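Chemist: Residue numbers (full-length UniProt numbering): 1 to 707.
Please see the structure below; I have some questions.
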Amino acid sequence: MLSDELKNQIQLAYRASLDAKSHKPRSGQRQMIGAIARTLGNIKQGSEGERLDEKHVAVIEAGTGTGKTLSYCLAAIPIAKARGLKLIISTATVALQEQILHKELPNLLEHTELSFKYTLAKGRGRYLCLNNLEGFLSAEEQAMDDMFAGLFEQHLHSDDVNTVLYQEMDAALQKGDWDGDKDNWTGIVRDQDWRRLTTDHQQCTNRNCANYSACPFFKARAEIEVADVIVANHDLVLADLSLGGGAILTPPKETIYVFDEGHHLPDKAIGHFRHEVRLQQSVTWLRQLEKNLVNLKQELTDDVSLTGQLLLKIPQQIQSIVNFIQYAQQGLAPYIQGLGLDQENNQHRFEFGQIPDELRQLAYSLQTSYQKLFNNIESIQDECKKTKQNEGMGVTPETAETWQPILGVVLGRLEQCVGLWRLYSTVDDENFPPNARWLVLSGQGMEQDVELGASPILAANTLRQQLWDKCFGAVVTSATLTALNQFHRFNMRSGVPRESEYLRVLSPFDFKENGVLVVPNMEHEPNRVEQHTAEIVAYLNTHVDVDKASLVLFSSRRQMEDVAQSVSPSLQEILLMQGEQSKRVILDSHKSRIDDGKGSLLLGLASFAEGVDLPGDYLTCVYIAKIPFAVPDDPVEATLAEWIEKRGGNPFMEITIPDASLRLVQATGRLLRSESDKGEIHILDKRLRTKRYGSQLINSLPPYRYQ
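See the structure below:
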């Protein structure tokens, strides 16, 4: 049970936080704090600190303006500390991370009696690898890297290496002016320049690295050990869970998680288990690997060592894999020809994820062969690691230091291949959702290749096994967790326990008074693209106030560009379109215009429909070109629809409409960002008036004044 002491601590902190900001208590905020405190506070612990209860997850939809961040921090931090657990706050966007780190948590420490340490956790990819930096500042190492060019996805030839930038970084590190964190580098870094300086869990040699004590990543990791609250992102949490948990962050059983922007979690999880492999590219890469491993064999000091024996086996294993891939290519060639695929129509999805038996049998052989090769390469890498302790046989310390990160790149690539062929060789259990499987024809002529892809269609089972079943407790929150006013969509995709605590907290905003929803009588439906686009142009020319701030949201880039070219000259003068500059630059330009007393018209796609915060005069009117139905070309979503239909369901009503409902709520949510904001929303899609589902979609929106 939640102790009286903890209740009192939370209540006092809440009052102090409100007093510091001169705010009054909000009903929704109190509800949210109470639900989280009950869920986390009532979990029973065993003698070893383990969780004994099953009702350990709270799923809370909290409308804009509720004060979600303060609510979960106030409730979860004292409980986590009292139970000797870590609190991981995970977000989907950098903007929210920065708000939590630089505003919410410092304010709590300053204005309340709560005492805690906090830090930001990032993946290795955000930190400089000192070994890689040293390598690019050494001509000898650059020549060595050229020798391994074929093993790297993104290879830079010596004349492409940004030596000047790397020298600046090295100097900044030596002076103590930089900590090796990409986000703290003051200059501009191109992705290709940074990518060469980072490492991953396969390439990193950890304590065996000569630069371990100075490593930016492990310095940051040390802060995690002493922190009570760790701010992370969904990708990092999922990456840690996929490694078994506790590899980067704290073990799940010792952790309470808060997933803010939690509606992103299921899709992020699917992305972690989606695999795509090109066949001919794999053959070329394997041949290059074989060639490079010959170089390693020549550097051995003892051919009969374990490393030497493993290297003897590898050419035969590679040849076996190549043979199986070539069998697959030969078998797929007439199959693909029969499908009539070409440059325009280049993708084929296997219905219900069911592939030909011959391909499945080959996939099993490939999975097994790739796994054997992975195991052998991993054993060679282990021998390289042991050399640091003078235990590795047949490899000198210099050779080990050169080869260990290279073998890490190889293992990462092999891991992807094993994952793909495992999904292709698996016979799906009819009691569970199938895996989606597809192929894509890429390139043409001599460059033509076949890419095979596979993915789970739902992340529910994986999240259940790796997260919900293992964690001590969790809170999932967002302004958009329900679709059509129900949690069904999120439950199906996330696999949260049925026993979870559910709560919907309404926004404190006065939507009826401050927001007007307009659905005009358009003549054409959006499927008549040219006519609908012309109507949008005419509508914007008539209704947009050139002295105010407006946002137009599109589902199609083509339509957005056509509208931008066709609106009146007066609108083109104030127009800013997504894609012309970075998102940040466009939004800053928009705000500057409003600050200068001018008007601004923003045109954007899906990424402008979520996470864009333009309060007050920065946005007074939102135009939505059409209902944001998903484009039905993703093989994962198409297989999910197929599976639902097979079970007697209606994919349109169970997937398409709920998904559109959620996106529409997010899009309309750009308008009112504070209690004093006012404005209008215009949805230029007649189907909201003429189709049966139109009223469902409107009823799922906040209660704007409808016209």
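Yeah, the Cβ is synthetic: ideal placement off N, Cα and C, and Gly gets one too.
Note that the structure is a prediction, hence the values are computed from the model and not measured.
So, is residue 106 buried or exposed, given that buried needs 16 or more other C-beta atoms within 10 angstroms?
Modeler: As a first step, residue 106 is located in the sequence shown; it is residue number 106 there, counting from the start. It is exposed - the Cβ of residue 106 has fewer than 16 other Cβ atoms within 10 Å.
Chemist: Can you check DSSP and say which residues form a bridge with residue 127?
Modeler: Counting from 1 along the sequence shown, the entry for residue 127 is found at position 127. 181.
Chemist: Do you know offhand how far residue 213's Cα is from residue 219's?
Modeler: As a position in the sequence shown, residue 213 is number 213, starting the count at 1. As a position in the sequence shown, residue 219 is number 219, starting the count at 1. So the alpha carbons of these two residues sit roughly 8 Å apart.
Chemist: Return the residue from the list 253, 238, 227, 136 that minimises the CA-CA distance to residue 195.
Modeler: Taking the first residue of the sequence shown as 1, we reach residue 195 at position 195. Residue 195 has its Cα closest to that of 136, out of 253, 238, 227, 136.
Chemist: Express the C-alpha separation of residue 241 and residue 281 in angstroms, rounding to a whole number.
Modeler: Mapped onto the sequence shown, residue 281 falls at position 281. Mapped onto the sequence shown, residue 241 falls at position 241. Answer to the nearest angstrom: the Cα atoms are 30 Å apart.
Chemist: Taking just the CA atoms, how far does residue 166 sit from residue 386?
Modeler: Taking the sequence shown and counting its residues from 1, the one referred to as residue 386 is at position 386. Taking the sequence shown and counting its residues from 1, the one referred to as residue 166 is at position 166. Each residue's Cα considered, the two are about 30 Å apart.
Chemist: How is the beta strand (DSSP E) around residue 401 delimited, first residue to last?
Modeler: By one-based count along the sequence shown, residue 401 stands at place 401. Here residue 401 belongs to no beta strand (DSSP E); instead the alpha helix (DSSP H) covers 397-425.
Chemist: Within 10 angstroms of the Cβ of residue 398, are there 16 or more other Cβ atoms? Answer buried if so, exposed if not.
Modeler: Translated into the one-based positions of the sequence shown, residue 398 becomes position 398. Answer is exposed; the Cβ neighbour count stays below 16.
Chemist: Assign residue 486 to one of three DSSP states: helix, strand, or coil.
Modeler: What you label residue 486 is simply residue 486 of the sequence shown in a count that begins at 1. If DSSP states are grouped into helix, strand and coil, residue 486 belongs with the strands.
Chemist: Among 613, 595, 580, whose alpha-carbon lies nearest the alpha-carbon of residue 603?
Modeler: Within the sequence shown, the letter at position 603 stands for residue 603. Here the closest residue by C-alpha is 580.
Chemist: Whole-angstrom Cβ separation of residue 379 and residue 324, contact assumed at under 8 Å?
Modeler: Sequence index remark: in the sequence shown, residue 379 carries index 379 (1-based). Sequence index remark: in the sequence shown, residue 324 carries index 324 (1-based). Going by Cβ atoms, the distance from residue 379 to residue 324 rounds to 22 Å, so no, they are not a contact pair.
Chemist: Say whether the stretch 232-246 touches the stretch 121-129, bearing in mind that this needs 3 or more beta-carbon pairs closer than 8 Å, one atom from each stretch.
Modeler: Output reads yes: the stretch 121-129 touches the stretch 232-246.
Chemist: Is the stretch 43-59 in contact with the stretch 472-489, if contact means three or more CB pairs nearer than 8 Å?
Modeler: Verdict: yes, contact present.
Chemist: According to DSSP, is residue 61 part of a helix, a strand, or is it coil?
Modeler: Reading the sequence shown from its first residue, position 61 is the one you call residue 61. Three-state result, residue 61: strand.
Chemist: From residue 436 to residue 452, what distance separates their C-alpha atoms?
Modeler: For this step, residue 436 is matched to residue 436 along the sequence shown. For this step, residue 452 is matched to residue 452 along the sequence shown. Roughly 11 Å between the two C-alpha positions.
Chemist: Just tell me which of 92, 584, 81 has its CA closest to the CA of residue 115.
Modeler: Within the sequence shown, the letter at position 115 stands for residue 115. If we check each option's Cα against that of residue 115, 81 comes out closest.
Chemist: If you drop the 5 nearest sequence neighbours on each side, which residues of the same chain put their C-beta closer than 7 Å to that of residue 675?
Modeler: As a first step, residue 675 must be located in the sequence shown, where it is residue number 675. The residues are 65, 508, 509.
Chemist: Could you tell me the distance, in whole angstroms, from the CA atom of residue 370 to the CA atom of residue 9?
Modeler: As a working mapping, residue 370 is identified with position 370 in the sequence shown. As a working mapping, residue 9 is identified with position 9 in the sequence shown. Those two C-alpha atoms are separated by around 55 Å.
Chemist: Taking the CB atoms as reference points, tell me whether residue 701 and residue 553 lie closer together than 8 Å.
Modeler: Counting from 1 along the sequence shown, the entry for residue 701 is found at position 701. Counting from 1 along the sequence shown, the entry for residue 553 is found at position 553. The answer is no: Cβ separation not under 8 Å.
Chemist: What residue from 441, 439, 490, 425 has the CA that sits closest to residue 463's CA?
Modeler: Indexing the sequence shown from 1 puts residue 463 at position 463. That would be 490, whose Cα lies nearest to the Cα of residue 463.
Chemist: Could you check the C-alpha separation between residue 493 and residue 60 for me, to the nearest Å?
Modeler: Within the sequence shown, numbered from 1, the residue matching residue 493 stands at position 493. Within the sequence shown, numbered from 1, the residue matching residue 60 stands at position 60. So the two alpha carbons sit approximately 16 Å from each other.
Chemist: Enumerate in chain order the residues of its own chain whose CB-to-CB distance from residue 43 is below 6 Å, with the five nearest sequence positions on each side excluded.
Modeler: As a first step, residue 43 must be located in the sequence shown, where it is residue number 43. 51, 53, 56, 473, listed in sequence order.
Chemist: Could you check what DSSP says for residue 520 in three-state terms: helix, strand or coil?
Modeler: Here residue 520 corresponds to residue number 520 of the sequence shown, with the count starting at 1. Residue 520 falls in the coil class under three-state DSSP.
Chemist: Can you check whether the CB of residue 68 is closer than 8 Å to the CB of residue 32?
Modeler: Sequence index remark: in the sequence shown, residue 32 carries index 32 (1-based). Sequence index remark: in the sequence shown, residue 68 carries index 68 (1-based). Going by C-beta atoms, residue 32 is nearer than 8 Å to residue 68.
Chemist: According to DSSP, simplified to helix, strand and coil, what is residue 511?
Modeler: Here residue 511 corresponds to residue number 511 of the sequence shown, with the count starting at 1. In this structure, residue 511 counts as helix in the three-state DSSP scheme.
Chemist: Tell me where the alpha helix (DSSP H) around residue 284 begins and ends.
Modeler: Locating residue 284 in the sequence shown gives position 284, counting from the first residue. Start and end: 279-299.
Chemist: If you drop the 5 nearest sequence neighbours on each side, which residues of the same chain put their C-beta closer than 6 Å to that of residue 703?
Modeler: For the purposes of this step, residue 703 is identified with residue 703 of the sequence shown, where counting begins at 1. So the list reads 511, 512, once near-sequence residues are dropped.
Chemist: Does residue 470 come out as helix, strand or coil in the three-state DSSP assignment?
Modeler: Looking up residue 470 in the sequence shown gives position 470. If DSSP states are grouped into helix, strand and coil, residue 470 belongs with coil.
Chemist: So if DSSP puts residue 456 in a beta bridge, which residue, or which two residues, is it bridged to?
Modeler: As a first step, residue 456 must be located in the sequence shown, where it is residue number 456. For residue 456, which the question treats as bridged, DSSP gives the partners 435.
Chemist: Rounding to the nearest angstrom, what Cα-Cα distance links residue 90 and residue 100 in this structure?
Modeler: Counting from 1 along the sequence shown, the entry for residue 90 is found at position 90. Counting from 1 along the sequence shown, the entry for residue 100 is found at position 100. So the two alpha carbons sit approximately 10 Å from each other.
Chemist: So residue 520 packs on residue 682, CB below 8 Å; how close in whole Å?
Modeler: Mapped onto the sequence shown, residue 520 falls at position 520. Mapped onto the sequence shown, residue 682 falls at position 682. Confirmed, about 7 Å.
Chemist: Using 8 Å as the cut-off, can you tell me whether the stretch 409-420 makes contact with the stretch 325-342, which would need three or more C-beta pairs spanning the two stretches below that distance?
Modeler: No, the stretch 409-420 is not in contact with the stretch 325-342.
Chemist: Here's the rule I'm using: 16 or more other beta-carbon atoms within 10 Å means buried, otherwise exposed. How should residue 222 be labelled?
Modeler: Start at 1 with the first residue of the sequence shown, and residue 222 comes out as number 222. So residue 222 counts as exposed.
Chemist: Would you call residue 188 buried or exposed, if buried means 16 or more other Cβ atoms sit within 10 Å of its Cβ?
Modeler: Here residue 188 corresponds to residue number 188 of the sequence shown, with the count starting at 1. The residue in question, residue 188, is exposed, as its Cβ has fewer than 16 Cβ neighbours within 10 Å.
Chemist: Assign residue 248 to one of three DSSP states: helix, strand, or coil.
Modeler: As a first step, residue 248 must be located in the sequence shown, where it is residue number 248. The answer is coil: DSSP assigns residue 248 none of H, G, I, E or B.
Chemist: Of the choices 168, 97, 266, whose alpha-carbon is the least far from that of residue 466?
Modeler: For the purposes of this step, residue 466 is identified with residue 466 of the sequence shown, where counting begins at 1. The residue with the shortest Cα to Cα distance from residue 466 is 266.
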